[in-house]
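Numbering (this note's numbering), first residue to last: 1 to 319. Idealized CB from N, CA, C, for every residue including glycine. The structure presented is a predicted model; accordingly, all values stated were derived computationally and were not measured.
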């Protein structure tokens, strides 16, 4: 017959001093059995709900990072370049207009290079909007000159615009400022929207954990009363509930983040053959996937802290 006292010195007691944060976290990760039985509201169904919330959170976080990165990429590309648009004019031949504009640009300090685009290049730029059949007709196309400027010593754009307009009728300088401001404004709006969705998901997850914790304690009210009768402190009961929600939140977070990463990878593969949206689908992909690693840890932290606060508040009303 086995000695019932054997190994008693290793058994935890309800009056043990509270361990430090690192020791408590390690204990919750390693220990799997709990004095508190899990009610139906805190089992597999809740983990699936947390996984769904984490999936939405990963999509919102990835979208916010991707939109911000793409907007910065576009603005950087536009900040160091200008474009001269030369419309057809009866006063000068198209080639004469281009030569006059190139002459002005060659004398302007701060202009690194000026490259005129051919009519075929211009038609290729307009084809996605106008179609090849329209461009194949007698539609007059403007000539474009792509300009690269020195960011450290840029030219005087106002004076350059006046000189270009005076040199060639129908020529106008496009500084892309309107495009940059619109891109930045749209990107910021999209980022704030994504972070707003992320905050809403976090608030919803907290509300779900609060409800599940209260339901679990209510379902196990008899167990809680027995634990108090034999000397268990509120901190011990809270740690038991915390451990359950730590595993639940972390596993749900892993599932949700994994699904989110899979969704981004699928979008990246689909976007490899072409642009599916205004922002190419291939742009929301691998470079931002490491950021999704924080989702499971954030879900576990939110679940643990919410469960702990809820347990203490509920126990004050129950006992």
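Checklist entry - Which partner residues does residue 81 have in the DSSP bridge list? => result The residue given as residue 81 occupies position 81 in the chain shown. Paired residue(s): 148.
Next on the checklist: Quick check: the region 194-211 against the region 63-74, are at least 3 beta-carbon pairs closer than 8 Å?
Outcome noted: Yes, since at least three Cβ pairs between the region 63-74 and the region 194-211 fall closer than 8 Å, the two stretches touch.
Checklist entry - Straight-line CA distance for residue 296 to residue 60? => result Counting from 1 along the chain shown, the entry for residue 296 is found at position 296. Counting from 1 along the chain shown, the entry for residue 60 is found at position 60. So the alpha carbons of these two residues sit roughly 15 Å apart.
Checklist entry - Using 8 Å as the threshold, is the region 148-161 in touch with the region 116-125, meaning 3 or more CB pairs across them? => result no
Item to check | Meets three-Cβ-pair contact criterion under 8 Å: the region 203-213 and the region 308-317 | outcome: Short answer: they touch.
Next on the checklist: If I measure Cβ to Cβ from residue 94 and keep anything under 6 Å in the same chain, skipping five residues before and after, which residues do I get?
Outcome noted: Within the chain shown, the letter at position 94 stands for residue 94. Result list for residue 94: 143, in chain order.
Checklist entry - For the putative contact between residue 190 and residue 173, defined by C-beta atoms under 8 Å, what is the C-beta separation to the nearest angstrom? => result Residue 190 sits at position 190 when you count from the first residue of the chain shown. Residue 173 sits at position 173 when you count from the first residue of the chain shown. With a Cβ gap of about 30 Å, residue 190 and residue 173 do not count as contacting.
Checklist entry - In its own chain, which residues sit with a C-beta less than 6 Å from the C-beta of residue 194, not counting the 5 before and 5 after it? => result As a first step, residue 194 is located in the chain shown; it is residue number 194 there, counting from the start. Hits under 6 Å: 60, 63, 64.
Next on the checklist: Using C-beta distances below 7 Å, list every residue in its chain close to residue 87, excluding the 5 sequence neighbours before and after it, in chain order.
Outcome noted: For the purposes of this step, residue 87 is taken as the residue at position 87 of the chain shown. Here the set comprises 142, 170.
Item to check | Distance between beta carbons of residue 167 and residue 84, contact taken as under 8 Å | outcome: For the purposes of this step, residue 84 is identified with residue 84 of the chain shown, where counting begins at 1. For the purposes of this step, residue 167 is identified with residue 167 of the chain shown, where counting begins at 1. Between residue 167 and residue 84 the Cβ distance is about 10 Å, and since that is not below 8 Å, they are no contact.
Checklist entry - Given residue 314, which residues of its chain have a CB within under 6 Å of its CB, disregarding the five upstream and five downstream residues? => result On the chain shown, residue 314 is found 314 positions in, with the first residue counted as 1. Same-chain partners within the cutoff: 214, 217.
Checklist entry - Per DSSP, what kind of secondary structure is residue 75 in: helix, strand or coil? => result Reading the chain shown from its first residue, position 75 is the one you call residue 75. If DSSP states are grouped into helix, strand and coil, residue 75 belongs with the helices.
Item to check | Proximity winner among 89, 147, 47, 92, relative to residue 116 (alpha-carbon distances) | outcome: Along the chain shown, read from residue 1 onward, the residue named residue 116 stands at position 116. Ranking the options by Cα distance to residue 116, first place goes to 147.
Checklist entry - For residue 315, which three-state DSSP category applies? => result Start at 1 with the first residue of the chain shown, and residue 315 comes out as number 315. It is helical.
Next on the checklist: Tell me the DSSP secondary structure of residue 115 in three-state form.
Outcome noted: Here the question's residue 115 lines up with position 115 in the chain shown. DSSP places residue 115 in strand when its eight states are reduced to three.
Next on the checklist: If I measure Cβ to Cβ from residue 165 and keep anything under 7 Å in the same chain, skipping five residues before and after, which residues do I get?
Outcome noted: Locating residue 165 in the chain shown gives position 165, where the first residue counts as 1. The residues are 171, 172.
Checklist entry - Buried or exposed: residue 149, going by 16 or more other Cβ atoms within 10 Å of its Cβ? => result As a working mapping, residue 149 is identified with position 149 in the chain shown. In summary, residue 149 is buried, with 16 or more beta-carbon neighbours lying within 10 Å of its beta-carbon over all protein chains present.
Item to check | Run of the beta strand (DSSP E) containing residue 171, from where it starts to where it stops | outcome: Mapped onto the chain shown, residue 171 falls at position 171. 171-174 is the span of the beta strand (DSSP E), which, as asked, contains residue 171.
Next on the checklist: From the DSSP secondary-structure annotation, give me the bridge partner or partners of residue 243.
Outcome noted: Position 243 of the chain shown holds residue 243. None; residue 243 has no bridge partner.
Checklist entry - Going by the CB atoms, is the gap between residue 303 and residue 246 shorter than 9 Å? => result Working through the chain shown from its first residue, we reach residue 246 at position 246. Working through the chain shown from its first residue, we reach residue 303 at position 303. Taking 9 Å as the Cβ cut-off, residue 246 and residue 303 qualify as a contacting pair.
Checklist entry - So, is residue 12 buried or exposed, given that buried needs 16 or more other C-beta atoms within 10 angstroms? => result Looking up residue 12 in the chain shown gives position 12. Low confidence applies to residue 12: its pLDDT is 44, below 50, so where it sits in the model is not reliable enough to give any reading.
Item to check | Pair within 9 Å by beta-carbon distance, residue 46 and residue 259 | outcome: What you label residue 46 is simply residue 46 of the chain shown in a count that begins at 1. What you label residue 259 is simply residue 259 of the chain shown in a count that begins at 1. Going by C-beta atoms, residue 46 is not nearer than 9 Å to residue 259.
Checklist entry - By a C-beta neighbour count over all protein chains shown, 10 Å radius and 16 as the cutoff for buried, is residue 104 buried or exposed? => result What you label residue 104 is simply residue 104 of the chain shown in a count that begins at 1. If you draw a 10 Å sphere on the C-beta of residue 104, you find 16 or more other C-beta atoms in it, and that means buried.
Next on the checklist: Using the Cβ count rule (16 or more neighbours within 10 Å means buried), how would you classify residue 152?
Outcome noted: Translated into positions along the chain shown, residue 152 becomes position 152. With fewer than 16 Cβ atoms within 10 Å of its Cβ, residue 152 is classed as exposed.
Item to check | Where residue 251 sits in the DSSP three-state scheme | outcome: Residue 251 sits at position 251 when you count from the first residue of the chain shown. Residue 251 falls in the helix class under three-state DSSP.
Checklist entry - Is the Cβ-Cβ distance between residue 183 and residue 71 less than 9 Å? => result Sequence index remark: in the chain shown, residue 183 carries index 183 (1-based). Sequence index remark: in the chain shown, residue 71 carries index 71 (1-based). A contact, by the Cβ cut-off of 9 Å.
Item to check | residue 282 in three-state terms, based on DSSP | outcome: Within the chain shown, the letter at position 282 stands for residue 282. Its pLDDT being 45, under 50, residue 282 is placed unreliably by the model, and the measurement read from it follows with that caveat. Looking at residue 282 - three-state DSSP - the assignment turns out to be helix.
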